[in-house]
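J.:
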Amino acid sequence: MNWLAHLVLSDRSGAFRIGNLLPDLVRSSDLVALPEEFLAGVHRHRLIDAYADSHLVVTRSARRFEPPLRRFGKVFADLFYDHFLTKNWDSYCQVELPEFLEEFFRSVEPWRATLPPLALLRLDQIRDHGWLSQYGNVQELSQVLDRMGKRLKRPVDLCPAMAVLETHYQEFQSDFLEFFPDIRREVAPNVIFPLRS
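Here it is as structure tokens:
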């Protein structure tokens, strides 16, 4: 899953939520040296990714992409599911998205001296550029894909995936609506905030 879903599927504590993002933000060697407070979130991150990668609905979403894009199909599914999470936010969260994100970034502050420098840099970039609030806008998703493609070891133009989203928009939305309750039950059954019952 992508970053917004990781936060929604976290316990409410700042260290847990930060830990749930860290595997995507820092090198594996940085994770080994983390203080214990972050480890439960790191574990949740890995559970989320493993469950999503093996789920038949995510595989169905990924198969909508023809080669050579198909090798990134599950990455696209993760990102597009964050789009649909944003579009259906009121069905899953008790607070508005801007308030949810503001609370998350406030929760980072007490941990700034503890976090690896690379994690802090990336969390600040996410906050300062408003990346987590861009998922609901289809046009801004192209910018997200452009950034993702440029971060790869061998940069790839991922923007053609947007045409697949536009062609199969309703199918991707149906996939998300089927998948998200499953992953919530599997990896975060005791999370009360921010999910609605």
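Following numbering that gives the first Met the number 0, the numbering of the sequence shown begins with 0 at its first residue and continues without gaps.
Here a beta-carbon is modelled for each residue, glycine too, at the ideal position from N, C-alpha and C.
#1: Just verifying my parser: in three-state terms, what is the DSSP assignment at GLU95?
#2: Within a Cβ cutoff of 8 Å, which residues of the same chain sit near LEU176, ignoring the five residues on either side of it in sequence?
#3: Give the secondary structure of GLY135 by DSSP, where H, G and I count as helix, E and B as strand, and everything else as coil.
#4: For LEU85, which of helix, strand or coil comes out of DSSP?
#5: Just verifying my parser: in three-state terms, what is the DSSP assignment at LEU21?
#6: Which of helix, strand or coil does DSSP assign to GLY13?
#7: Considering only the beta carbon of each residue, do ALA14 and ALA51 sit closer than 9 Å?
#8: Restricting to runs no shorter than 4 residues, where is the alpha helix (DSSP H) found entirely within the stretch 27-62?
#9: Relative to the C-alpha of SER90, which residue among GLU35, PRO180, ALA187 is closest?
T.: If we stick to the structure as given:
#1: Numbered from 1 along the sequence shown, position 96 holds the residue referred to as residue 95. GLU95: coil per DSSP, three-state reduction.
#2: In the sequence shown, counting from the first residue as 1, residue 176 sits at position 177. Answer for LEU176: PHE83, ASN87, listed in chain order.
#3: Residue mapping note: residue 135 aligns to position 136 of the sequence shown, counting from 1. Coil, per DSSP.
#4: Start at 1 with the first residue of the sequence shown, and residue 85 comes out as number 86. The residue asked about is misnamed: residue 85 is Thr in this sequence, not Leu. It is helical.
#5: For this step, residue 21 is matched to residue 22 along the sequence shown. Correct three-state label for LEU21: helix.
#6: Taking the first residue of the sequence shown as 1, we reach residue 13 at position 14. Helix.
#7: Numbered from 1 along the sequence shown, position 15 holds the residue referred to as residue 14. Numbered from 1 along the sequence shown, position 52 holds the residue referred to as residue 51. With respect to ALA51, ALA14 sits apart: the two C-beta atoms are not nearer than 9 Å.
#8: 27-31, 38-53, 55-61
#9: Here residue 90 corresponds to residue number 91 of the sequence shown, with the count starting at 1. Taking only the C-alpha atoms, the option nearest SER90 is PRO180.
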